[in-house]
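Engineer:
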Amino acid sequence: MKTLIIYYSDSEKTKIVAETLSVKLDGDLIQIEDKKNRSGFKNRLTSSIDALRENKTEISPKRVDVSDYDVIYFGTPVWSGKPSPAIITIIDRCDLRGKDVVLFATMTSSGAKASLDRMEEKVKARGGRVIERFSLKTKGKSDNKLRKDSEVCAKLLDLSIYQ
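Take our numbering: the final residue in the sequence shown is number 146, and no numbers are missing along the way.
#1: If you follow the beta strand (DSSP E) that residue 116 is part of, which residue opens it and which one closes it?
#2: Taking the alpha carbon of residue -6 as the reference point, which residue from 62, 54, 13, 49 has its own alpha carbon closest?
#3: From which residue to which residue does the alpha helix (DSSP H) around residue 72 run?
#4: DSSP puts residue 60 in a beta bridge; with which residues?
#5: Residues in its own chain within less than 6 Å of residue 147 by CB, not counting five upstream and five downstream?
#6: Quick one: Cα of residue 38 to Cα of residue 69, how far?
#7: Based on DSSP bridge pairs, tell me the residues matched to residue -14.
#8: Let's test the definition: count the other Cβ atoms within 10 Å of the Cβ of residue 139 and tell me whether it reaches 16, buried, or not, exposed.
#9: What whole-angstrom Cβ distance do residue 137 and residue 4 have, given they're in contact under 8 Å?
#10: Spatial neighbours of residue 45 within its chain, please: CB distance less than 8 Å, with the 5 preceding and 5 following residues excluded, ordered by chain position.
#11: Could you give the DSSP three-state label for residue 11: helix, strand or coil?
#12: Measure from the alpha carbon of residue 17 to the alpha carbon of each residue in 36, -10, 96, 10, then state which is nearest.
#13: For residue 22, which beta-bridge partners are listed by DSSP?
#14: For residue 84, which beta-bridge partners are listed by DSSP?
#15: Within the continuous alpha helix (DSSP H) that includes residue 104, where are the two ends?
#16: Tell me which residues share the same chain as residue 56 and place their Cβ nearer than 6 Å to its Cβ, disregarding the 5 neighbours each side in the sequence.
#17: Give me whichever residues DSSP pairs with residue 43 in a beta bridge.
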């Protein structure tokens, strides 16, 4: 099974989860960068508004070719109960026809279900099939604890269909 993990990380928490999954699942890893400045109080407020409105954003890379992969993971932090603009932008640019997709979200408190629901709608609109989804709370967790939680999630994913 050839696996690709595509993620956006703002505070490095989603990055820790994505990197852990990449190691445990022997998957390729692509970090999406948001070209918009999202740091500082004012920009954080604007980021939340962008997420709520599902505004697109300038990203790098602009597109990802997923044609050689069996399973594609998309990971994002939750912003105001929504996925980040960067992950929505890349999902909208991927040809997911016939692809199996796993979604994951990181959050400090709540909003993961709504965020994952919206990502799932976007994936289905691009022709993908969501086979699993999960979320991890990050508030108060050390990086090591988050890695351990990510390892547990990787073990629990039932992707035996690809073995």
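Ideal Cβ placement from N, Cα and C applies to all residues, glycine included. In this text the structure is predicted, and so the values were computed from the model without any measurement.
Structural biologist: By the coordinates alone:
#1: Note, residue 116: beta strand (DSSP E), 112 to 120.
#2: Distance check between residue -6 and each of 62, 54, 13, 49 places 62 closest, using alpha-carbon atoms only.
#3: Note, residue 72: alpha helix (DSSP H), 68 to 76.
#4: Per DSSP, 89.
#5: Residue 147 is absent from the model: the chain starts at -16 and stops at 146.
#6: Taking the straight line from one Cα to the other gives about 9 Å.
#7: In the DSSP output, where bridge partners are listed per residue, residue -14 has 54.
#8: By the 16-neighbour rule on beta-carbons within 10 angstroms, residue 139 is exposed.
#9: About 6 Å separates the beta carbons of residue 137 and residue 4, which is inside the 8 Å limit, making them a contact pair.
#10: Answer for residue 45: 76, listed in chain order.
#11: Of the three classes helix, strand and coil, the one that applies to residue 11 here is strand, per DSSP.
#12: If we check each option's Cα against that of residue 17, -10 comes out closest.
#13: According to the DSSP secondary-structure assignment, residue 22 is paired through a beta bridge with no residue.
#14: Looking at the DSSP assignment, residue 84 forms a beta bridge with 55, 113.
#15: DSSP places residue 104 in the uninterrupted alpha helix (DSSP H) bounded by 95 to 108.
#16: Beyond the five residues adjoining it in sequence on each side, residue 56 comes within less than 6 Å, by CB distance, of -12, 85 in the same chain, given in chain order.
#17: Residue 43 is bridged to 16.
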